[in-house]
Every structure is written in structure tokens, then in C-alpha cells.
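As C-alpha cells, the structure follows; a few thoughts come after it.
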Amino acid sequence: MDMINRPRRLRTSDTLRKMVRETRVSKSSLIYPLFVVEGENQVQEIPSMAGQYRYSVDRVLCKVEEMLRSGVDKVMVFGIPDHKDACGSQAYAQDGVVQRAMRAMKERFPELYIIGDVCMCEYTSHGHCGILNGDYVDNDKTLDYLAKIALSQVEAGADMVAPSDMMDGRVAAIRDLLDRCGRINTPIMSYAVKYASSFYGPFREAAGSAPAFGDRKSYQMDWHNSREAVKEALSDVEEGADILMVKPAMAYGDIISRVKEITDIPVAAYSVSGEYCMVKTCGNLGYVDETAIMCEIAAAAYRAGADIYLTYFAKELAKAIDEGRLG
Ligand code: PBG
């Protein structure tokens, strides 16, 4: 036998396999999405997302403490107001549910890094991500609102804002208002490449944000497209985005890789509600090893090029990293 190359040589022990690993997953790159609702003493389980809850402001603090203890110190906050109207006024109200939650979290846990999801669909009576003009979501009219929402979140304690509405020009509009208000160092993580995906189904149930008519295809991207992701990513970089996000994650590894290659800023991947739901449901039925699958799917996003990972499994991933199952 004169075989010199034996790829199996580097697979002979766990220690060696870990040393030569090409992909590292760190707790510091995990972001946990949190839903906050009005009222007191509310912890409402989301039926399609076993193990995920909507919290009232008083109860969300316990959840944050639990996350911090597990080593996850970044959260993305979604607000679900009782009152919804045509212009989503609770999204930018000073005492809106998301603003109150951010204030409370920042006061109690100054070390927590708070990211605000900037959108209108959880706040509008029609469930669309912007201001309507007839049946059409009016892009330019919506921009002023988005900027106002972002500013209100930053004033309430958000360390970073993340527009998820998919209006054209929103990054520039938000950057402009934040800068004029002296918030030059508040980064923008743009949901730059966001597809019109059925993977968001459970989230819309959780946030009560399903559109009352039509769909989001006139603003979110067509999932047949990949070159369009380049166009979206580059224009957001030009507008001043600090981090680009690709969403969903699991079925979009090619897109994550492509965005990573053509830009030089950090890339985030959002493993969305439908991904969580599928893994959790099959896990609960005993059809798959939930923890193993969760780790494999997370590693795939990082392997594709993600630097940052938003996931409902953040706490469980942190534990898997601690236990040496991933990382
Ligand atoms: C708001 C928003 C959505 C998600 C994040 N921000 C829903 C949507 O666009 O319909 C989805 C997150 C998830 O499914 O986990 N626009």
C-alpha cells in the first residue's frame, strides 16, 4: 500500500477533530428573539413554537436573566401591542410595549445588548409592514415611520436597530434620523435579504401579524432569486448598514455564502420560527434527535458564512457549546 493521503487520519479522536474544525460557533454571536406583550404576569406559550413564550414586561426580566445565565447576552425584541391602528402608532409610542420593555431590561441588566426589530406589521390593524395606499404598501411614506420607530427604540435603550420591513431606502432614512439626533454610534443591522417565506408562519401567529389581506410578496423577496440578494445587500451597504442579515437561514445557505463573498461587513442569519417549529415538533415526537439536529443546522449557517446567528434555540445552543457538542 503506498497511500499517503488518508483523510481519516485527522478524524481519529475527538480532540483532533475539534482542533481541525473549520467552523466555530461561539455564544457571543448568538441573538435570542423575545416577544413582549401588554399586561402583567403574562407568560403565554406560543402553540406552534413549543417552549417559546410571549412575556409581559414584568415577566420578561426573568427570561432575560435566564438567558444571561446561559451565556446569551443579546436579544432581539418584538412588541405585540393591544391597540393596533392603520399607522401602527404603538410602534413609535414613547410608552409603547416594546419601549417599556427595553427601558426595564436596560435598567435591570445594563450588560444586556438590546436589538430592536423595526417594523410595522405587529402594530398595524391590517398587518402589513408599512402605510397603505389603497391595497399597496406605500414605500416612501413608510420611511418616515420606520425612522421614527427606530429612534423611539434607541431612546428607550436599544443598542442596535434592525429594520425588517423591506421598504427601499429604509436604512438611509433611519441612519439619517439617528445621526441628526446624535446617535451616530448606534449600528443598523439590516434585514437586507429577506424572502417572502412560508417559514414565518409560526411567528405571525406569535405576533398576531399576519396580513389581513394579500401577502408580502410586493416587498419581501421572491425565493427563486439569488442575484437579487446581491442587489439588496449592496444597496444596503451603500445606505450605511453595519451588518447584513439573510433570512430565513436553513434553506438559504447558498444566499448566506453569496452575501458573505460580495460584501465586507458582518453577515447575520436568522433561523426563523418555521425552522424552530419543525425541529421542535419532530424532536418532541421522538422522530429526530432534537439537540443533534439543532447543532447541525446551526453549524451549517456558520459554515455557509454567517458571523451572527439569530435563533429561538439560543439557550440550548449555548448549553451544547458548553458541553462540547458544538463549537
Ligand atoms: C416582521 C418580522 C417577521 C419576522 C421577523 N420580523 C415576520 C414577517 O416578515 O412576516 C419573522 C421571524 C420568524 O419567523 O421567526 N416583519
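Reminder that position 146 of the sequence shown reads as 146 in our numbering, one-by-one numbering, no gaps. Quick reminder that beta carbons are idealized off the backbone N, C-alpha and C, glycines included. Please read these numbers as outputs of a predicted model, since none were measured by experiment.
- For V57, the uninterrupted alpha helix (DSSP H) run begins and ends at 57–70, by DSSP.
- If one requires a minimum length of 4 residues, the alpha helix (DSSP H) runs lying completely within the stretch 4–42 are 14–19, in chain order.
- Counting the other Cβ atoms within 10 Å of the Cβ of T15 gives fewer than 16, which makes it exposed.
- The C-beta distance from A249 to S271 rounds to 4 Å, short enough to fall under 8 Å.
- With a contact defined as Cβ atoms closer than 8 Å, Y32 and K84 miss out at about 25 Å.
- Taking the CA atoms as reference points, P47 sits about 47 Å from R9.
- Boundaries of the beta strand (DSSP E) around D117: 113–118.
- K247 has K194 as its beta-bridge partners, per DSSP.
- Beta-bridge analysis with DSSP links I188 to V161.
- For A268, the enclosing beta strand (DSSP E) has its first and last residue at 267–271.
- For F78, the shortest separation between its Cβ and any heavy atom of the ligand PBG lies below 8 Å.
- In the structure shown, Y53 adopts extended strand secondary structure according to DSSP, grouped into three states.
- Exclusion of G51 from the 8 Å shell around the ligand PBG follows from its C-beta lying no nearer than that to any non-hydrogen atom of the ligand.
- Taking C-beta atoms under 8 Å as the contact rule, E275 and F199 qualify, at a distance of about 6 Å.
- When distances are taken from the beta-carbon of Q153 to the heavy atoms of the ligand PBG, even the shortest one reaches 8 Å or more.
- Around the beta carbon of G286, fewer than 16 other beta carbons lie within 10 angstroms, which makes this residue exposed.
- For D117, the shortest separation between its Cβ and any heavy atom of the ligand PBG lies below 8 Å.
- Listed in chain order, the non-local C-beta contacts of I262 below 8 Å within the same chain comprise V230, A233, L234, local neighbours out to five positions each way being set aside.
- Close CB contacts of S125 within its chain, under the 8 Å cut and outside five residues either way in sequence, are with K84, D85, A86, A212 (chain order).
- Taking a 10 Å sphere around the C-beta of Y136, we find fewer than 16 other C-beta atoms and assign the residue as exposed.
- Residue pairing by DSSP places G79 opposite V36 in a beta bridge.
- Taking 8 Å as the cut-off, the C-beta of E232 does not count as close to any heavy atom of the ligand PBG.
- Rounded to whole angstroms, the gap between the alpha carbons of Y252 and V246 is 8 Å.
- The beta carbon of R108 sits closer than 7 Å to the beta carbons of L61 from its chain, once the five residues preceding and following it are set aside; these are given in chain order.
- A straight-line Cα-Cα distance of about 53 Å links Y55 and R6.
- In the structure shown, L310 falls within a strand segment according to DSSP collapsed to helix, strand and coil.
- Contact between the stretch 171–188 and the stretch 14–29 is not established, with fewer than three Cβ pairs separated by less than 8 Å.
- Residue environment analysis places K217 among the exposed positions, since fewer than 16 neighbouring C-beta atoms fall within 10 angstroms of its C-beta.
- Take D159, set aside five residues on each side of it, and the residues of its chain with a beta-carbon closer than 6 Å to its own are Y113, I114, in chain order.
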